[in-house]
Amino acid sequence: MSLTTSLHDRVNGMQPTKRISLKSLFVSEPKNSNHFTFEKAHSKLREATFAVFHNKTIPYTLEELYREVEDVCASKMVPVLYDTLESLFTVYVNELLPTFLDESLQLKKASQIWEVYCHKMLMIRNIFLFLDRQLPVVNPKYLCLWDLALNLFREHILTHNLVQPKILKQLLDQIYEERTGTTVDRQLLRSIVRMHMDLQLYQKDVQGPLLRQSQQFYAEEADNLIKQLSVSDYLAYVNRRLSEEEERLNAYLNPTTTRTPLLATLDSELIAKRMEYLVANSLSLIRDRRLDDLHLFYSLLSRVNGGVDLLRARFRTHVKEVGQAIVDNPDKSTEKDKVMIQSLLDCRDSLIQLINLGFCADPTFNRALQEAFEEFINNRPNKPAEYLAKYLDAHLRTGNKTQTDEELERIMDKAMVLFRFIYGKDIFEAFYTKELAKRLLLGKSASVDAEKAMLSKLKQECGPNYTRKMETMFQDIELSRQLSKNFRAAQQTPYPIDFNVNVISPASWPQYPQLAANYPPAMLSLREEFTKFYLSHHQGRRLLYEPSLGTCVVRADFPTSPGVHKELQVSEFQALILLQFNGPVDVPVSYAAIAEATAIEKTQLDRTLLSLAAGKGQKVLIMKPLSLEMSPDHQFYFNTQFQHRLIRIKFNQIQLKETVSVSPL
Numbered sequence: 001m002s003l004t005t006s007l008h009d010r011v012n013g014m015q016p017t018k019r020i021s022l023k024s025l026f027v028s029e030p031k032n033s034n035h036f037t038f039e040k041a042h043s044k045l046r047e048a049t050f051a052v053f054h055n056k057t058i059p060y061t062l063e064e065l066y067r068e069v070e071d072v073c074a075s076k077m078v079p080v081l082y083d084t085l086e087s088l089f090t091v092y093v094n095e096l097l098p099t100f101l102d103e104s105l106q107l108k109k110a111s112q113i114w115e116v117y118c119h120k121m122l123m124i125r126n127i128f129l130f131l132d133r134q135l136p137v138v139n140p141k142y143l144c145l146w147d148l149a150l151n152l153f154r155e156h157i158l159t160h161n162l163v164q165p166k167i168l169k170q171l172l173d174q175i176y177e178e179r180t181g182t183t184v185d186r187q188l189l190r191s192i193v194r195m196h197m198d199l200q201l202y203q204k205d206v207q208g209p210l211l212r213q214s215q216q217f218y219a220e221e222a223d224n225l226i227k228q229l230s231v232s233d234y235l236a237y238v239n240r241r242l243s244e245e246e247e248r249l250n251a252y253l254n255p256t257t258t259r260t261p262l263l264a265t266l267d268s269e270l271i272a273k274r275m276e277y278l279v280a281n282s283l284s285l286i287r288d289r290r291l292d293d294l295h296l297f298y299s300l301l302s303r304v305n306g307g308v309d310l311l312r313a314r315f316r317t318h319v320k321e322v323g324q325a326i327v328d329n330p331d332k333s334t335e336k337d338k339v340m341i342q343s344l345l346d347c348r349d350s351l352i353q354l355i356n357l358g359f360c361a362d363p364t365f366n367r368a369l370q371e372a373f374e375e376f377i378n379n380r381p382n383k384p385a386e387y388l389a390k391y392l393d394a395h396l397r398t399g400n401k402t403q404t405d406e407e408l409e410r411i412m413d414k415a416m417v418l419f420r421f422i423y424g425k426d427i428f429e430a431f432y433t434k435e436l437a438k439r440l441l442l443g444k445s446a447s448v449d450a451e452k453a454m455l456s457k458l459k460q461e462c463g464p465n466y467t468r469k470m471e472t473m474f475q476d477i478e479l480s481r482q483l484s485k486n487f488r489a490a491q492q493t494p495y496p497i498d499f500n501v502n503v504i505s506p507a508s509w510p511q512y513p514q515l516a517a518n519y520p521p522a523m524l525s526l527r528e529e530f531t532k533f534y535l536s537h538h539q540g541r542r543l544l545y546e547p548s549l550g551t552c553v554v555r556a557d558f559p560t561s562p563g564v565h566k567e568l569q570v571s572e573f574q575a576l577i578l579l580q581f582n583g584p585v586d587v588p589v590s591y592a593a594i595a596e597a598t599a600i601e602k603t604q605l606d607r608t609l610l611s612l613a614a615g616k617g618q619k620v621l622i623m624k625p626l627s628l629e630m631s632p633d634h635q636f637y638f639n640t641q642f643q644h645r646l647i648r649i650k651f652n653q654i655q656l657k658e659t660v661s662v663s664p665l
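Each residue of the sequence shown is one higher than the one before, starting from 1 at the first, in the UniProt record's numbering.
Following this line, the structure appears as structure tokens:
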């Protein structure tokens, strides 16, 4: 039969496998009982063992030696043979000791002696394999031959008070040299480490001193580098050192027992003891969106207790500072407030990307982001809610034709994220309802589906009571369309004016100022007809007309566009003023005459006249003198030089807080 024995029996295989053939391992009595004598066999085996130890030729075949061992065991002389081997092993080990005691001993020599020792012990074990198998049966206290060899080497050589310190110092010196950049013989170090592991001295004699040396080395190195390097460079240094130690563990240390405490030493000295300083000086990484550095920073801080907590707190502070700068407006700049919401959304998108790529999509950082947004947004009451409503209004209006339905949906979803942060949801409701009313009454909604989708999002977030009035507004508009259709169908003779009415319930719509005005007879007649029609179907109700929300399309002919009828899309007040210029084009109309004819309240009249005479690209009237302050002496002329590339021209109203420029035509 074939028997395989290798150094793997003691440590993961460092010597080539030895193969021997044995005819039989079990005999009941000496095979050569007629010629066997213990003394003769004993002498042969002693001689063979001595020859192995001293590199001499064995004068017997291996098969002959195997039979002698079997016969000795069969003659029940195992204890004697075991004692003989133990004595021979001890003598040989003591012969090796002087070499280890030599002051000039180097690791390479120690490794060579150890490798030769192991090889010889394996050869002897193979010769005495039958004995080795019998030892536990004969006496459980007997060590197997390999363990006996290890014990003797450990007791007589490696634990010697003049040997172990010398070998350990050279080993640690080599590791130190490698850490400082010197190339070392890793195979040699691996052999020395494995020797200690085989002799069960690694953890006690190597690992402990190695950890202490590592702690001192990295503490001093970190102290020197923390103030010299930038945060980014220091993080790269730590990552490099961790990789080097991982490589060192796999190359020649014992990763099973050393990896955890060694890397914990690096974590403590390079990260944990420096993390407060690093986090405090990490603002540039966050501010400049250095995602690779932040990802490394997060990974390193994840290795130590409280590291990620510190980074998250710094991140939250940064978010609050950046967001507060966007929301605050100490100079009361209208332009800054107008871009507030878009700036917040862009900021949040950037921070979300930072969390996903820099902080491994850590959900606790998302929560910190939400907390910071909620805090700084509500540090300025009302304004974020107001401008969020106006932001949505800008995207839901017909004038915004650059976005697809999918883009509009994403915009609404992002706006809802900010909406959730806002405490003053009633403020948002007031402004959103006001802007929604304008879109519905003036026909400026880009998409009814988008409007209802936004309404559904608000309802889902705040409940049905929050959107009840808004839903009523949609119902009023839909009923008004049918009402206008029915009114036109009921007229026996079509009116020269295309007339549409929105009948709204005051309880659900914003309150509007009651403004009076004088209307031309044709418009008054049409309005009275509609009132009769409505009241005939809804007894007990009262209609109150609100001119400030009305719109008109006025046809105008300009000498600059002969044969082309321009259509001016204007408010009711603008239409009432333009109707005063149906006379000769060279005859001015005074401010006083316009005021008397239209009966429009002065503030409203001034704003409306400015929109027609001073609006950019919309100067359909000429004003003299050029002034923002109106007086009864102002004269207005029809602008015969007015030009516009469009057929239908939409005229804007000038808001109370807006400023306009007056310049000659």
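Backbone N, C-alpha and C fix where the C-beta goes; we use that ideal spot for every residue, glycine too.
| query | result |
| --- | --- |
| Expected contact under 8 angstroms - CB spacing of T265 and Y202 to nearest Å | 17 angstroms between Cβ atoms; not a contact. |
| C462: first and last residue of the uninterrupted alpha helix (DSSP H) it sits in | 448-462 |
| Proximity below 9 angstroms, CB of Y142 to CB of L150 | no |
| For Q482, three-class secondary structure by DSSP | helix |
| Proximity to D41 [Cα-Cα], best of F53, T57, V80 | For the sequence presented, residue 41 should be read as Ala rather than Asp. Checked all of F53, T57, V80; the closest Cα to A41 is V80. |
| 4 or more residues per run - each alpha helix (DSSP H) lying fully within the region 580-640 | 591-598, 602-613 |
| Status (buried if at least 16 other CB within 10 Å, exposed otherwise) for S207 | According to the sequence shown, residue 207 is Gln rather than Ser. It is buried - the Cβ of Q207 has at least 16 other Cβ atoms within 10 Å. |
| Span separating the alpha-carbon of P506 from that of D476 | 11 angstroms |
| Buried or exposed by the 16-neighbour rule on C-beta atoms within 10 Å, applied to A599 | exposed |
| Opposing strand residues paired with S571 [DSSP bridges] | T551 |
| Rounded C-alpha distance that separates L656 from T608 | At L656, the pLDDT of 40 sits below 50, so the modelled position is not reliable; the number obtained from the coordinates is stated separately. So the alpha carbons of these two residues sit roughly 11 angstroms apart. |
| Three or more C-beta pairs below 8 angstroms linking the region 328-338 and the region 292-300 | no |
| Residue range of the unbroken beta strand (DSSP E) whose run includes I649 | 648-650 |
| Secondary structure of R303, DSSP reduced to three states | coil |
| Residue from K616, L621, G617, S447 with nearest C-alpha to S590 | L621 |
| Collapsed DSSP secondary structure at S24 in the structure displayed | Model confidence at S24 stands at a pLDDT of 33, short of 50, so the residue's coordinates are unreliable; what they give is reported in the following sentence. DSSP places S24 in coil when its eight states are reduced to three. |
| Every unbroken alpha helix (DSSP H) within the region 322-385, with a cutoff of 4 residues, ordered by chain | 334-338, 340-358, 363-377 |
| Reduced DSSP category for A556 - H, G, I as helix; E, B as strand; rest coil | strand |
| Residue nearest to F38 in terms of C-alpha spacing, selected from N55, M77, F53 | M77 |
| Where V231 falls, given that 16 or more other Cβ within 10 Å makes a residue buried | buried |
| Start-to-end residues for the alpha helix (DSSP H) that takes in Y234 | 231-251 |
| Same chain only: Cβ atoms within 8 angstroms of Q106, ignoring 5 sequence neighbours per side | Q170 |
| Segment limits, alpha helix (DSSP H) that includes residue 706 | With the chain represented from 1 up to 665, any question about residue 706 goes unanswered, as that position is not in the structure. |
| Where the alpha helix (DSSP H) containing V501 begins and where it ends | Looking at the DSSP string, V501 is not in any alpha helix (DSSP H), and its letter there is neither H nor E. |
| Three-state secondary structure (DSSP) of R290 | coil |
| CB of M416 within 9 angstroms of CB of H395, strictly | no |
| Through-space distance from P513 to P520, alpha-carbon basis | 22 angstroms |
| T49 burial status per 10 Å Cβ neighbour count (16 or more: buried) | buried |
| Buried or exposed by the 16-neighbour rule on C-beta atoms within 10 Å, applied to V27 | Residue placement at V27 is flagged as unreliable, the pLDDT there being 36, under the threshold of 50; the coordinate-derived value follows with that caveat. Classification for V27: exposed. |
| C-beta atoms of A614 and L628 nearer than 9 angstroms | yes |
| 6 angstroms CB neighbourhood of F297 in its chain, flanking five on each side removed | L235 |
| Chain-order list of residues whose beta-carbon lies under 6 angstroms from that of I504 (same chain, five-residue window excluded) | D476 |
| Proximity below 9 angstroms, CB of G323 to CB of I377 | yes |
| Cβ distance (whole Å) where Q216 is taken to contact L172 below 8 angstroms | No, Q216 and L172 are not in contact; Cβ-Cβ is about 11 angstroms, not under 8 angstroms. |
| Check whether T398 and G443 have beta carbons under 9 angstroms apart | yes |
| Minimum C-alpha distance to Q187 - residue among S525, V137, K108 | K108 |
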